[in-house]
Amino acid sequence: MSPVLAGVLQFLALMVALALAYRPLGDYMAGVYSSPKHLRVEKWIYRAVGANPATEMRWPAYLRGVLGFSLVSVLFLYLLQRVQGSLPGSLGFASIDPDQAFNTAASFVSNTNWQSYYGEQAMGHVVQTGGLAVQNFLSAAVGMAVAVALVRGFARTRTGELGNFWADLVRGTVRILLPIALVGAVLLVACGAIQNFAGIHEVGQFMGGSQQWNGGAVASQEAIKELGTNGGGYFNANSAHPFENPNGLSNLLEIFLILLIPLSLTRTFGRMVGSVRQGYAILAAMVTIWVVFTGLMMWTEFHHGAPAFDIAGGAFEGKETRFGIGASSIFSVATTLTSTGAVNSFLSSYTGFGGGIALLGMQLGEIAPGGVGSGLYGILVMAVIAVFLAGLMVGRTPEYLGKKIGTRQIKFAACYILITPALVLCFTGVAMALPTPVNSLTNSGAHGFSEILYAYTSGANNNGSAFAGLNADTQWFNTSIGVAMLLGRFLPMVFVLALAGSLAEQKPVPATAGTLRTDKPLFSGLLVGTIMIVAGLTYFPALALGPLAEGLAS
0 MSPVLAGVLQ FLALMVALAL AYRPLGDYMA GVYSSPKHLR VEKWIYRAVG ANPATEMRWP
60 AYLRGVLGFS LVSVLFLYLL QRVQGSLPGS LGFASIDPDQ AFNTAASFVS NTNWQSYYGE
120 QAMGHVVQTG GLAVQNFLSA AVGMAVAVAL VRGFARTRTG ELGNFWADLV RGTVRILLPI
180 ALVGAVLLVA CGAIQNFAGI HEVGQFMGGS QQWNGGAVAS QEAIKELGTN GGGYFNANSA
240 HPFENPNGLS NLLEIFLILL IPLSLTRTFG RMVGSVRQGY AILAAMVTIW VVFTGLMMWT
300 EFHHGAPAFD IAGGAFEGKE TRFGIGASSI FSVATTLTST GAVNSFLSSY TGFGGGIALL
360 GMQLGEIAPG GVGSGLYGIL VMAVIAVFLA GLMVGRTPEY LGKKIGTRQI KFAACYILIT
420 PALVLCFTGV AMALPTPVNS LTNSGAHGFS EILYAYTSGA NNNGSAFAGL NADTQWFNTS
480 IGVAMLLGRF LPMVFVLALA GSLAEQKPVP ATAGTLRTDK PLFSGLLVGT IMIVAGLTYF
540 PALALGPLAE GLAS
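Counting with numbering that gives the first Met the number 0, you get residues 0 to 553 for the letters of the sequence shown.
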């Protein structure tokens with residue numbers, strides 16, 4: 000079987016698996032967030048935190064819950080790293096330096112999981128399991144809660160109430176993330192991933208020195224790392240490490256976990272607004288972009304454009320032979336079109352155009368299908384922009400799901416889509432202008448510029464993958480990327496919740512013959528075009544200086 004055919008067949012198998020899970024999981028999540036009942040364990044949690052799950056919140060109160068909980072999470076994870084050297088199970092590792100502890104805390108709480116450290120050489124069992132793994136659950140649950148609040152904004156009328164943040168947070172964790180992650184962890188162990196609390200072992204002598212590995216609760220963290228679109232690896236090699244991702248079957252399972260909830264949330268959206276066709280329209284836009292990006296990535300990496308590629312059969316540099324080019328391409332697109340950031344190959348070794356595809360996938364806003372929760376609310380904001388543009392073209396007041404899209408709603412949507420590009424481009428420009436940050440570059444020219452552009456794109460868009468080649472463990476990068484991650488995560492949530500509140504206050508507008516049908520393929524196409532145009536116009540100059548220049552020169 001040719002490598003190209005093998006890659007295509009793996010992609011088709013993945014699509015079939017996702018299609019089979021789409022409807023039952025989407026319906027189940029809609030039931031979870033709509034149910035008036037609370038499980039006994041959930042009631043215990045509410046009592047512990049002093050929350051009343053029956054209290055409805057308007058958007059300012061919901062936002063205060065999101066920000067307050069996240070602030071406490073950042074402080075807890077920061078302190079846990081700072082005292083690691085005094086904790087049992089630290090494997091002899093010292094406490095984390097202040098700038099790196101801040102960067103890591105901001106990273107995992109913001110669902111970014113950017114790592115400027117070697118996991119197996121810096122973090123002990125307590126920090127890995129009690130700190131990082133816990134935030135993998137909670138940061139994902141926060142994103143899902145904000146997405147559900149926006150959906151309620153579309154579904155409800157003449158009220159500013161969006162639900163209860165604490166109830167949404169707890170339900171997302173207990174009823175959705177924990178059960179699926181448990182099954183995923185068991186399957187990964189069956190595939191060969193490790194799950195233990197072993198110490199450091201010497202496994203042999205190599206070139207006059209010893210090779211050392213430490214164990215850990217890897218499978219359980221790997222499952223929620225992918226399911227929650229987090230991406231932070233237990234080991235520095237991330238999902239290229241055989242302890243995390245042993246073989247082709249585990250590789251497909253991990254990609255499946257990455258895409259499972261973001262795609263299924265479109266079904267949840269359809270059910271909660273009372274029209275599953277609306278969910279299918281959003282799903283069609285997501286899948287179109289995902290399929291096109293995967294096809295382009297596979298083409299660029301299989302394309303024989305140089306003698307070395309002809310001999311090897313493609314761009315094999317930086318890719319695991321147990322996965323090959325096809326599975327590596329599918330994985331890299333899945334992680335950069337979501338907020339996962341996990342990698343099973345060395346992105347810096349991709350072709351110039353291949354690296355550009357990964358960059359553009361994040362710069363779209365990671366909405367195809369995007370992160371857990373963040374992908375849904377991101378593409379719904381773009382849907383608001385799309386119906387506004389359609390309204391301008393036909394001279395009619397834009398409406399979406401029976402809600403008028405007026406000046407106030409467009410201001411919120413515009414602020415949302417401007418935040419991350421401003422963070423990415425401003426931080427990249429400053430880093431290139433200052434004398435110190437460029438000393439962290441391994442490469443010069445277009446590829447070196449891409450390293451810095453990729454780092455801030457990954458941070459501000461809460462992805463977490465790295466282009467590699469950049470020494471990000473410096474005070475400048477730890478601090479600036481940490482700030483970009485926090486602002487890129489929580490500032491957009493402000494405008495999402497404000498938009499949700501403004502929509503929930505409206506009374507429904509009856510559909511007429513002139514109303515744009517947003518459950519038709521025409522709207523899906525308009526939405527895809529809006530996404531590509533907005534991202535293309537914003538980032539094209541920067542892409543032209545980096546991956547496009549590199550690709551055209553090779």
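Glycine included, every Cβ here is placed at the ideal spot set by N, Cα and C.
Is it buried or exposed for residue 572, if we count other Cβ within 10 angstroms and need 16 for buried? What the structure shows of the chain is the stretch from 0 to 553, and residue 572 is not part of that stretch, so it cannot be assessed.
Bridge partners - residue 160, DSSP secondary structure assignment: As a first step, residue 160 is located in the sequence shown; it is residue number 161 there, counting from the start. 57, per the DSSP bridge assignment.
Host alpha helix (DSSP H) of residue 135 (start-end): Start at 1 with the first residue of the sequence shown, and residue 135 comes out as number 136. 132 to 154 is the span of the alpha helix (DSSP H), which, as asked, contains residue 135.
For residue 249 and residue 561, the rounded distance between their alpha carbons: Because residue 561 is not part of the residues shown, which for the chain are 0 to 553, the question remains open.
In angstroms with no decimal places, state the Cα-to-Cα distance between residue 455 and residue 115. The residue you call residue 455 lines up with position 456 of the sequence shown. The residue you call residue 115 lines up with position 116 of the sequence shown. Roughly 13 Å separates the two Cα atoms.
Run through the region 186 to 258 for me and flag every whole beta strand (DSSP E) of 3 or more residues, listed as ranges in chain order. 199 to 205, 208 to 213
Flag this pair as yes or no: are the beta carbons of residue 233 and residue 358 separated by less than 7 Å? Taking the sequence shown and counting its residues from 1, one reaches residue 233 at position 234. Taking the sequence shown and counting its residues from 1, one reaches residue 358 at position 359. Against a cut-off of 7 Å, the Cβ pair of residue 358 and residue 233 comes out as no contact.
If you scan the region 84 to 118 from start to end, which runs of the beta strand (DSSP E) of 3 or more residues do you find wholly inside it? none
Under 8 Å: do the region 512 to 524 and the region 320 to 335 share three or more Cβ pairs, one atom per stretch? no
Just verifying my parser: in three-state terms, what is the DSSP assignment at residue 398? Here residue 398 corresponds to residue number 399 of the sequence shown, with the count starting at 1. Here residue 398 sits in strand by DSSP.
Let's test the definition: count the other Cβ atoms within 10 Å of the Cβ of residue 426 and tell me whether it reaches 16, buried, or not, exposed. For the purposes of this step, residue 426 is taken as the residue at position 427 of the sequence shown. When all chains shown are included, residue 426 counts as buried.
Flag this pair as touching only if the region 500 to 509 and the region 367 to 375 have three or more C-beta atom pairs under 8 Å; answer yes or no. no
Taking the CB atoms as reference points, tell me whether residue 354 and residue 101 lie closer together than 7 Å. By 1-based counting over the sequence shown, the position of residue 354 is 355. By 1-based counting over the sequence shown, the position of residue 101 is 102. In this structure, residue 101 does not lie closer than 7 Å to residue 354 by Cβ.
Quick one: complete alpha helix (DSSP H) runs, 4+ long, within the region 449 to 530? 474 to 503
For the 8 Å Cβ check, are there 3 or more pairs between the region 153 to 173 and the region 390 to 397? no
According to DSSP, residues forming a beta bridge with residue 42: As a first step, residue 42 is located in the sequence shown; it is residue number 43 there, counting from the start. Answer is none; residue 42 lacks a bridge partner.
At least 3 beta-carbon pairs within less than 8 Å: the region 285 to 296 vs the region 40 to 55: no
Selected residue, minimal CA-CA separation from residue 83, among 121, 434, 297, 14: Taking the first residue of the sequence shown as position 1, residue 83 is located at position 84. For the residues 121, 434, 297, 14, the minimum Cα distance to residue 83 belongs to 121.
Going by beta-carbon coordinates alone, are residue 468 and residue 419 separated by less than 7 Å? As a working note, residue 468 is residue 469 in the sequence shown. As a working note, residue 419 is residue 420 in the sequence shown. It is not a contact, given that the beta carbons lie outside the stated cut-off.
What does the alpha-carbon distance come out to for the pair residue 367 and residue 21? On the sequence shown, residue 367 is found 368 positions in, with the first residue counted as 1. On the sequence shown, residue 21 is found 22 positions in, with the first residue counted as 1. So the two alpha carbons sit approximately 15 Å from each other.
From this set, 80, 27, 379, 239, which residue's C-alpha is nearest residue 527's C-alpha? Along the sequence shown, read from residue 1 onward, the residue named residue 527 stands at position 528. Measuring from the Cα of residue 527, the nearest candidate turns out to be 379.
Where the alpha helix (DSSP H) through residue 300 begins and ends: For this step, residue 300 is matched to residue 301 along the sequence shown. First-last of the alpha helix (DSSP H) with residue 300: 275 to 301.
Backbone secondary structure at residue 4 - three-state DSSP: Residue 4 sits at position 5 when you count from the first residue of the sequence shown. The answer is helix: DSSP assigns residue 4 an H, G or I state.
Alpha carbon of residue 74 to alpha carbon of residue 80, nearest angstrom: What you label residue 74 is simply residue 75 of the sequence shown in a count that begins at 1. What you label residue 80 is simply residue 81 of the sequence shown in a count that begins at 1. If I take the Cα positions, the gap works out to 10 Å.
Express the C-alpha separation of residue 430 and residue 190 in angstroms, rounding to a whole number. Residue numbering aside, residue 190 sits at position 191 when the sequence shown is read from its first letter. Residue numbering aside, residue 430 sits at position 431 when the sequence shown is read from its first letter. Computed Cα separation, rounded: 42 Å.
Supposed close pair residue 65, residue 147 - CB separation, criterion 8 Å: Along the sequence shown, read from residue 1 onward, the residue named residue 65 stands at position 66. Along the sequence shown, read from residue 1 onward, the residue named residue 147 stands at position 148. Wrong, their Cβ atoms sit about 12 Å apart, outside the cutoff.
Check each candidate in 282, 238, 133 and name the one with the smallest Cα separation from residue 17. Residue mapping note: residue 17 aligns to position 18 of the sequence shown, counting from 1. When each option's Cα is compared against that of residue 17, the closest is 282.
Spatially closest choice to residue 117 from 465, 530, 519, by CA coordinates: For the purposes of this step, residue 117 is taken as the residue at position 118 of the sequence shown. Here the closest residue by C-alpha is 465.
Buried or exposed, going by whether 16 or more other CB atoms sit within 10 Å of the CB of residue 396? Residue mapping note: residue 396 aligns to position 397 of the sequence shown, counting from 1. With fewer than 16 other Cβ atoms within 10 Å, it is exposed.
Beta-carbon separation of residue 138 and residue 484 under 7 Å? Numbered from its first residue, the sequence shown carries residue 138 at position 139. Numbered from its first residue, the sequence shown carries residue 484 at position 485. No, the pair does not count as a contact, with Cβ atoms beyond the cut-off.
Sequence-distant residues of the same chain with beta carbon closer than 6 Å to residue 436, five excluded per side: Counted from its first residue, the sequence shown places residue 436 at position 437. Only 430, 475 meet the Cβ criterion.
Within 7 Å, strictly: CB atoms of residue 496 and residue 168: As a first step, residue 496 is located in the sequence shown; it is residue number 497 there, counting from the start. As a first step, residue 168 is located in the sequence shown; it is residue number 169 there, counting from the start. No, they are not a contact pair.
With H, G and I counted as helix, E and B as strand and the rest as coil, what does DSSP make of residue 433? Within the sequence shown, the letter at position 434 stands for residue 433. Note: residue 433 maps to coil in three-state DSSP.
Tell me the rounded alpha-carbon separation between residue 177 and residue 32. Along the sequence shown, one-based indexing puts residue 177 at 178. Along the sequence shown, one-based indexing puts residue 32 at 33. Straight-line Cα distance between these residues: approximately 15 Å.
Go ahead and label residue 201 buried or exposed: buried means 16 or more other beta carbons lie within 10 angstroms of its beta carbon, across all protein chains shown. Translated into the one-based positions of the sequence shown, residue 201 becomes position 202. So residue 201 counts as exposed.
Residues bridged to residue 403 by DSSP? Counting from 1 along the sequence shown, the entry for residue 403 is found at position 404. Answer by DSSP bridge pairing, in chain order: 398.
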